[in-house]
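For reference, the structure discussed in these notes is given below.
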Amino acid sequence: MAKLLLPLLLLFSYSCASPISVEAAPTAAVVKKVVKKKRKRALNPRVMMKTSHGLIEIELYPKQAPITVKNFLTYVNQGFYDGTIFHRVIENFMIQGGGFTSSLEKKKTWAPIKNEADNGISNSIGTIAMARTGIVDSATAQFFINVMENDNLNYRSNAPADYGYAVFGRVRRGMPVVNRIRKIRTERRDRFANMPVDEVTIISAKVK
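Residue numbers (my numbering): 1496 to 1703.
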């Protein structure tokens, strides 16, 4: 009897112990949501911009700015940006390029596009937006990368002075390159007030 009692006591003591915690397997709905999220991220096109100061990889947002992204990719695929320069660099503001050659000749562009600044994306550090004139729908090829939180460039209303500048992507790799460019000393050259003393060239821009 004593021999039987010991195993029974041991069994009872094990059954009273706290159960081992096993993490539940994710449900089909959770797995589907994760896969969908990853797939959504993968759908966003990326452009690799090779500059004379290093590589800048830009993720584009076609869902939020379809017209702007299509326009930008058209220029990229045509090789338009290859050989252009960053002609306007303001250290605590932004770096702007995509419109002039190293000889300061303005490149011929296609028709201006609709301004999509009201898409809900802010001109925050690392975002890329379209440059334009004082006319709301005047952006063509030139773009700028924000190096500060430029909330003053965001959409506020439909009034021309408040319409803002359309953000259509973000730098995903290469912000150190952007920061190197923004710190380059600038000078006034002809009509360019903030031209880098050391030329910053876009060697190539290609869809990744």
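Backbone N, C-alpha and C define an ideal beta-carbon position, used for all residues, glycine too.
Distance CB(residue 1570)-CB(residue 1610) smaller than 9 Å: no
Own chain, CB closer than 7 Å to residue 1579, minus 5 neighbours either side, in chain order: Correct list, in chain order: 1592, 1593, 1594, 1595, 1596, 1602 and 1697.
Classification of residue 1686 by the beta-carbon crowding that lies within 10 angstroms, buried from 16 upward: It counts as exposed.
Exposure of residue 1695, with buried meaning 16 or more beta-carbon neighbours within 10 Å: Buried, by the Cβ-count rule.
Distance, residue 1702 Cα to residue 1604 Cα: 20 Å
Own chain residues within Cβ distance below 6 Å of residue 1623, not counting five before or after: 1553, 1638, 1640 and 1664
Where residue 1696 sits in the DSSP three-state scheme: Correct three-state label for residue 1696: strand.
Span separating the alpha-carbon of residue 1469 from that of residue 1673: Within the shown structure, residues of the chain are numbered from 1496 to 1703, placing residue 1469 beyond reach of any answer.
Candidates 1648, 1691, 1678 and 1551: closest to residue 1615 by CA position: 1648
Presumed contact (8 Å Cβ cut-off) between residue 1690 and residue 1582, rounded CB distance: 6 Å
Closest residue to residue 1618 among 1658, 1577, 1629 and 1671 (Cα-Cα distance): 1658
Whether residue 1551 touches residue 1642 by CB criterion (9 Å): no
Exposed unless 16 or more other CB atoms sit within 10 angstroms - verdict on residue 1522: exposed
Assigned secondary structure, residue 1690 (DSSP; H/G/I helix, E/B strand, else coil): strand
Pairwise C-alpha distance: residue 1634 and residue 1625: Taking the straight line joining both Cα atoms gives about 6 Å.
Other residues of its chain near residue 1650: CB distance less than 7 Å, five sequence neighbours each side excluded: Same-chain partners within the cutoff: 1612, 1613, 1658 and 1659.
Of the listed residues 1620, 1636, 1587 and 1669, nearest to residue 1541 (C-alpha basis): 1669
Residue from 1646, 1621, 1654 and 1645 with nearest C-alpha to residue 1632: 1654
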